[in-house]
Structures are given as structure tokens and as C-alpha cells.
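In full-length UniProt numbering, the protein residues as written are 1 to 341.
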């Protein structure tokens, strides 16, 4: 399951859909042992099922050394924030931040693929040199000279690999991955230049882009940074991945702040999955949200279900049932035909 963490305008944490090789963290059953880190504040990520539990992690990432409070971050205009893909040198900080943001432990392969470009990633950074005319105490000494420390303020990861969306595609596009994505792959390879930062081989990518994780550091929330990360990622898909028909995610139903954020960025709730997550010993439901691009649209089943909920007269309902029987199954077939060169 993939997760995110930002608050209000940037929700402080939310859970998205499953990705391979995650390890669920067990519920805390004993008080946390005292130690040298006890003075550190705990994460405020709302991805945590119980924000007051002893299992909520302490804030240990390097970014908190510079940005320990929201007041400090308030002095930094968003115009000084820079965006780039994750890189190998970000690995340790990325892992620490994900531990702070999410109630699951991700497999090492997820982190490696994120920093080496196999998964799409975008990270928001701020350099100490951008602050106060370039003077800052937060500098690293490299080869005898001071270099300003670059802090990771937030990041998003996303995948078009079929292994991540294979079970969800029927709810989003109304067809099976085997049919929809195989036709897309039959068109032949797409160069790395055409897919921009997405270095993913077209051999096993498809027609959905799945937001795996999204997070913003505790002190920089409520600044609109999560929305900016989402907007830039969608723009990348729109401009560089014409075969992708929707960007989507799962979100845990208790995270209302995250839900408001996604709805404010034009995502539509497509499905509700009971007991989708098992976190800290309890089951939690999931909403599936999608944003359609390049002519993509929800399946007929979803569209008729929403019309039905409007309280249509009985005769119209009967007509819709008949229409649905003849059209819903053919919707996926038509999409496959339209994808032919």
C-alpha cells in the first residue's frame, strides 16, 4: 500500500494503494523504551491510524535540523523551492522520511527504483544558499569548501508498471490489464527522451499512472506544496505519456484532509473498498480516486451507478439497466480497438 503525508491544504498523511513487498508494522503492545531520541517530537502524519500511539515515529530526518518549526518555514517563499527527480544521494533521507510519514515499511527495492529512475519521482528541495543572501549555518564541508545543505521538503513517487495497477484497472477503465495494456505495448518501444524522466521500459508499463507515495515534511505543511507536487506530476504525464488514460491512487477513508486535497485537484472517487488496509492490528477502508487524461473516462458501470443515485424515475431506471447490459461490456472492447495504431 502506498501512502502520502501532507496536511490541510497539504494533508499530513494518507494511504494509497498496495505496492509489492511492503511489510505491515505490528501494533505497539509495550511502551517505547527510553533513549537518546526521546526529546525529538513525533510525526504528525495523519497516515498514522492512532497519532497518539507509542509506535508513531520520532522526527529524525536531516530536514528537521533546519526546519524544526512552521515559523522557520514561513520565512521561505515557495519561489525558492526547486523541483527535481530523486537521485542516489537522496536514498537515506528518503527512507527516513517515509518511516516518519507512513505506518508501513517499504521494501528496499521500492527505494532503489525511486532513486535510480525506474519509478517516476519528483522531490521539492530548498538550499541553504537560497536563504538570507546565501549565508547559513546549515552547510556541509566538501573537499575543504563549504557547500550549502539541500533539504528535501517533500516528494511524490509514481508508477506506470502493470504490476502496480493490474487489480485496479477494471475499476478505472472498465477492462483488464491483459487486454488494455498489452495492446498499448504492441505498438513498440518508446524512447527515454519521449517519456522524459520516466525511464520505465514499455515492456511492462500500461495505461495507468499510479501515485505510490506523496509526503511533505512536518514543518512545511499547509503551504500548498503537496498540490504543487501533484500538479507537476500530472503535467508530466499529460505532456510525455499520451498512452496513459488516468492518474489514480488509493486513500484511507479516515484521512479527510487528503480526500479534500485530491478532490480540489479534480480527482474523482471511483470505488470504495471495505477493509482494504490492515494497519497496526485493525482494518481500514479505502477510496479509489482517479483523474482522467487523453480521452480516458470511467467505465459505464460507474457512470450508470452515479446516474442511478440521482433518483431517476422507474422507467428511466429500466432503460438504463437495459443500456448498461449492452454497453458496459463493450466499453473495454471499444477502448482496445481505439488504441490500435
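For glycine and all other residues, C-beta sits at the position ideal for the given N, C-alpha and C.
Confirm, please, whether the CB-CB distance from residue 251 to residue 286 is below 8 Å.
yes
Taking DSSP as the reference, what is the three-state secondary structure of residue 285?
strand
Nearest-angstrom beta carbon gap, residue 227 and residue 261 [assumed within contact, 8 Å]
7 Å
Could you pull the DSSP bridge partners for residue 159 from this structure?
210
Report whether the distance from the Cβ of residue 221 to the nearest heavy atom of the ligand MG is below 7 Å.
The model depicted lacks the ligand MG and carries no ligand whatsoever.
For the 8 Å Cβ check, are there 3 or more pairs between the region 236 to 249 and the region 88 to 108?
no
Residue 100, DSSP secondary structure in three states
helix
Pairs of beta-carbons, one from the region 208 to 228 and one from the region 73 to 87, closer than 8 Å: are there three or more?
yes
Would you be able to state if there are at least three C-beta pairs under 8 Å between the region 205 to 218 and the region 149 to 169?
yes
Please go through the same chain and pick out, in chain order, the residues whose beta-carbon is closer than 8 Å to the beta-carbon of residue 294, but skip the five residues on each side of it.
238, 242, 243, 244, 245
Helix, strand or coil: which one does DSSP assign to residue 83?
strand
Please return the same chain residues whose Cβ sits closer than 6 Å to the Cβ of residue 165, not counting the five positions on each side in sequence.
208, 210
Closest Cα partner of residue 263 within the set 107, 291, 275
291
Which residue from 275, 158, 276, 259 puts its Cα closest to that of residue 269?
259
Alpha carbon to alpha carbon, how far is residue 121 from residue 352? Give it in angstroms, no decimals.
Only positions 1 to 341 of the chain appear in the structure, and residue 352 is not among them; the question remains open.
Going by DSSP in three states, residue 45 sits in which element: helix, strand or coil?
coil
How about the region 45 to 53 and the region 95 to 113: do they share at least three Cβ pairs that are nearer than 8 Å?
yes
Would you kindly work out how many angstroms separate the C-alpha atoms of residue 194 and residue 236, rounded to a whole number?
Because the pLDDT of residue 194 is 45, which lies under 50, any placement of that residue in the model is unreliable, and the question is left without a value.
Beta-carbon proximity list for residue 205, same chain, < 6 Å, skipping 5 on both sides:
160, 161
Buried or exposed (CB count within 10 angstroms, at least 16 for buried), residue 157
buried
Whole-angstrom distance between residue 108 and residue 344, CA atom to CA atom
Since the first and last residues shown for the chain are 1 and 341, residue 344 lies out of range.
Beta-carbon contacts of residue 273 that lie in its chain and below 6 Å, excluding the five residues immediately before and after
286
Decide if residue 298 is buried, meaning its Cβ has at least 16 other Cβ atoms within 10 Å, or exposed.
buried
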